[in-house]
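Visitor:
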Amino acid sequence: MTELRGVNHAKAIEIRGLNKWYATYHALKDVDLTVAHGERIVVCGPSGSGKSTLIRCINSLEAHNTGTITVDGTQMGDAASIEAIRSEVGMVFQQFNLFPHLTILQNLTLGPMKARGLSRKDAEARAMKYLERVQIPEQADKMPGTLSGGQQQRVAIARSLCMEPKIMLFDEPTSALDPEMISEVLDVIVDLATSGMTMIVVTHEMGFARRAADRMVFMDHGAIVETGTPSEFFESPKTERCRTFLNQILKH
Amino acid sequence: MKNLLLLSSLCLLAGCGASGNWGWYVINPTTTQGWNNITFLIDGFGATILLSVIAAALSMAIGLLVALPGMSDNRWIRMPSRVYIEFVRAIPLLPMLFWVFYGLPVVLQSMGISVRIDAFWGAVITLAISDSAFTAEIYRSGIQSIARGQTEAAKTIGLTYSQTMRYVVLPQAIRRILPPLANQFIYIVKMSAFASVIGMQELTRRANELVVTEYRPLEIYSLLILEYLVLVLIISYFVRRLERKMGSDESR
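Protein chains in written order, with my numbering: chain A, 1 to 252; chain B, 253 to 504.
In structure tokens:
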């Protein structure tokens, strides 16, 4: 199935021997992960297993202690490399993190205008294009606080897309949403997935994982315990910990 | 002119009274002598206001320059700010005023810089530095009250540190910072009275001089307190208006 989707086998992300400590707490243990261009990865695991920490290391929102992270050929190190990596990596947060004092349109044009130097006209045209893509162009002039959670998260996705990243990271994008709003956000992410975007999604939405993932990554206690295609992963998990986890989240 | 009305009613009340201990005649606007005394006292407003406004503006600028590095992740960048705040905050205003007025010119002269620090600038420097330690802490608490997700989102759309501060953090923090900053301004207005001891002709100095010639401390100091009260009430009124204006710009 992976081959049918035409995954380019060059590496989008390469993580080698990654370790991260919070004081004495060992948050990531010898994590290795390689992501091909166009590949869609879903990371799952119990809370505190290091899923969020892992993807936050990829764009250096968290600094790692040992190991290497290479994104699209750029190895993370000095400030310039971090800047280069961030310019290729978009991120969507659990809490949306829209700028509450700016309108939706201003939220979307801020990055393109200030970081990329686009004119207001070009930035607004680009913003409207992506607002249409997430299907809320009519909200452009509203303030974030007046939108529903699902709409806010779609704006957050559009804000990331306005930077035209090659890779998107999603950190539990639906965990803060009311149940009836989850699907509108997942639909947008699935739409992105089918367009060939490289992405890593941390989520507990297993239906979404089956639909959109090329590969599942299961983490526990800061380490990657198991990886596999969704069918392998859901039908015949190799490890006991993974089986227990799947039983717990799928039983409802 | 509100204070004049209040004042004249006060004078009338006291003047009609039979108490031999009171001598409101010194500030009775209906007599030439009283009127001259009142204008002499009121002429101090200009100096008090000018001193306070310049000192407050400098304090706010220095405070921001101290607060920003004070929030760095790097302890070597953070340390000078902490040292400055702890050091300045520990010095009482009056000794600092004496040091700046009598001591600083000597220090500067020994460095080959020959400047005269007059009473006005001595008071401005002292008030600004002394107050800046407090404004720095106000900025820090205001900026830190803005959720960390805001700066993280700014990083992911490629904004630099100064762009993040300017477009994302400070516009949100300013509404929380404004009320305590206004408090500090009122504090500066009141502390400007200390400038009287190095001979600056502001409200308190003039009252002192008048007491020496008229020997009517109760009446003159009562008027002095009334002057500060009126000044502070006027400031409070404008601050409240400003707060309302800034609050209404935003729907959250």
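Every residue gets a Cβ at the ideal spot worked out from N, C-alpha and C, and that includes glycine.
#1: If the cut is a Cβ gap below 8 angstroms, which residues of chain B does A/Asn-59 touch?
#2: Which term fits A/Thr-198, buried or exposed, when burial requires 16 or more other beta carbons within 10 angstroms of its beta carbon?
#3: Please tell me whether B/Asp-383 and B/Ala-307 are closer than 8 angstroms, where the distance is taken between their beta carbons.
#4: Who are the neighbours of B/Leu-485 on chain A, taking C-beta pairs under 7 angstroms?
#5: Mind the definition here: the stretch 10–21 of chain A touches the stretch 49–67 of chain A only if three or more C-beta pairs lie below 8 angstroms; say whether that holds.
#6: Thinking C-alpha only, which one of A/Ser-231, A/Glu-124 and A/Val-217 is nearest A/Arg-241?
#7: Residues of chain A with a CB under 8 angstroms from the CB of B/Glu-495: which are they?
#8: For the candidate residues A/Gln-139, A/Ser-160, A/Cys-162 and A/Leu-161, whose alpha-carbon lies nearest to that of A/Gln-151?
#9: Considering only residues of the same chain and omitting the five flanking positions on each side of B/Ser-366, which have a CB-CB separation below 8 angstroms?
#10: For chain A, check one thing: does any of its Cβ atoms lie closer than 8 angstroms to the Cβ of B/Leu-320?
#11: Just how far apart, CA to CA, sit A/Val-190 and A/Pro-179?
#12: Less than 8 angstroms between the C-beta atoms of A/Thr-203 and A/Val-31, yes or no?
#13: Looking at the secondary structure, which residues open and close the beta strand (DSSP E) in which B/Lys-442 lies?
#14: Closer than 6 angstroms by C-beta to A/Ile-104: which residues in its own chain qualify, once you throw out the five before and the five after it? Chain order, please.
#15: Along chain B, which residues have their Cβ under 8 angstroms away from the Cβ of A/Asn-97?
#16: List, in order along the chain, the chain B residues whose C-beta lies closer than 9 angstroms to that of A/Leu-110?
#17: Leaving out the 5 sequence neighbours to the left and right, which residues in its chain are closer than 8 angstroms to A/Glu-205 when beta-carbon positions are compared?
#18: Less than 8 angstroms between the C-beta atoms of A/Arg-86 and B/Gly-410, yes or no?
#19: Specify the secondary structure class of B/Thr-403 as computed by DSSP and reduced to three states.
#20: Go ahead and label B/Leu-470 buried or exposed: buried means 16 or more other beta carbons lie within 10 angstroms of its beta carbon, across all protein chains shown.
#21: With burial defined as no fewer than 16 other Cβ atoms inside 10 Å of the residue's Cβ, what is the status of B/Ser-362: buried or exposed?
#22: Between A/Val-92 and A/Ser-160, is the Cβ-Cβ spacing less than 8 angstroms?
#23: Rounding to the nearest angstrom, what Cα-Cα distance links A/Ser-119 and A/Lys-129 in this structure?
#24: Are the C-beta atoms of A/Lys-327 and some chain B residue less than 8 angstroms apart?
#25: Strictly under 8 angstroms for the Cβ-Cβ distance: is B/Pro-432 near chain A by that measure?
#26: Any idea what DSSP makes of A/Lys-29, helix, strand or coil?
#27: Return the chain-ordered list of same chain residues with a C-beta closer than 7 angstroms to the C-beta of B/Ile-301, the five sequence neighbours on each side being excluded.
#28: Quick one: is A/Arg-120 near chain B, going by C-beta distance under 8 angstroms?
#29: Just checking: is the beta-carbon of B/Gln-396 within a distance shorter than 8 angstroms of some beta-carbon in chain A?
#30: Say whether the stretch 426–442 of chain B touches the stretch 455–470 of chain B, bearing in mind that this needs 3 or more beta-carbon pairs closer than 8 angstroms, one atom from each stretch.
#31: May I ask which residues mark the beginning and end of the alpha helix (DSSP H) holding B/Gly-286?
#32: From A/Arg-341 to A/Ala-176, what distance separates their C-alpha atoms?
#33: Could you tell me the alpha carbon to alpha carbon distance between B/Ile-477 and B/Arg-427, rounded to whole angstroms?
#34: May I ask which residues mark the beginning and end of the beta strand (DSSP E) holding A/Ala-176?
#35: Which class does A/Gln-139 belong to by DSSP, given the choice of helix, strand or coil?
#36: What are the start and end residues of each continuous alpha helix (DSSP H) run of 4 or more residues lying completely inside the stretch 11–94 of chain A, in chain order?
Guide: Inspection of the coordinates gives the following:
#1: Lys-407 and Thr-408
#2: buried
#3: yes
#4: Under the 7 angstroms cutoff, chain A gives no residues; its nearest Cβ is about 31 angstroms from B/Leu-485.
#5: yes
#6: A/Val-217
#7: By Cβ distance, chain A contributes nothing, its closest Cβ being about 15 angstroms from B/Glu-495, past 8 angstroms.
#8: A/Gln-139
#9: Leu-360
#10: no
#11: 17 angstroms
#12: no
#13: First-last for B/Lys-442: 422–443, but that is the alpha helix (DSSP H), not the beta strand (DSSP E).
#14: Gln-139, Ala-140, Lys-142 and Val-155
#15: Ala-399, Gly-401, Gln-402, Glu-404 and Ala-405
#16: Ala-406, Ile-409, Leu-411, Gln-415, Tyr-419 and Val-420
#17: Thr-174, Ile-182 and Leu-186
#18: yes
#19: helix
#20: exposed
#21: exposed
#22: yes
#23: 15 angstroms
#24: Absent from the structure is residue 327 of chain A, since the part of chain A shown begins at 1 and ends at 252.
#25: no
#26: strand
#27: none
#28: no
#29: no
#30: no
#31: 284–294
#32: Only positions 1 to 252 of chain A appear in the structure, and residue 341 of chain A is not among them; the question remains open.
#33: 31 angstroms
#34: Counting along the chain, A/Ala-176 falls outside any beta strand (DSSP E), and DSSP gives it neither H nor E.
#35: helix
#36: 51–58 and 79–86
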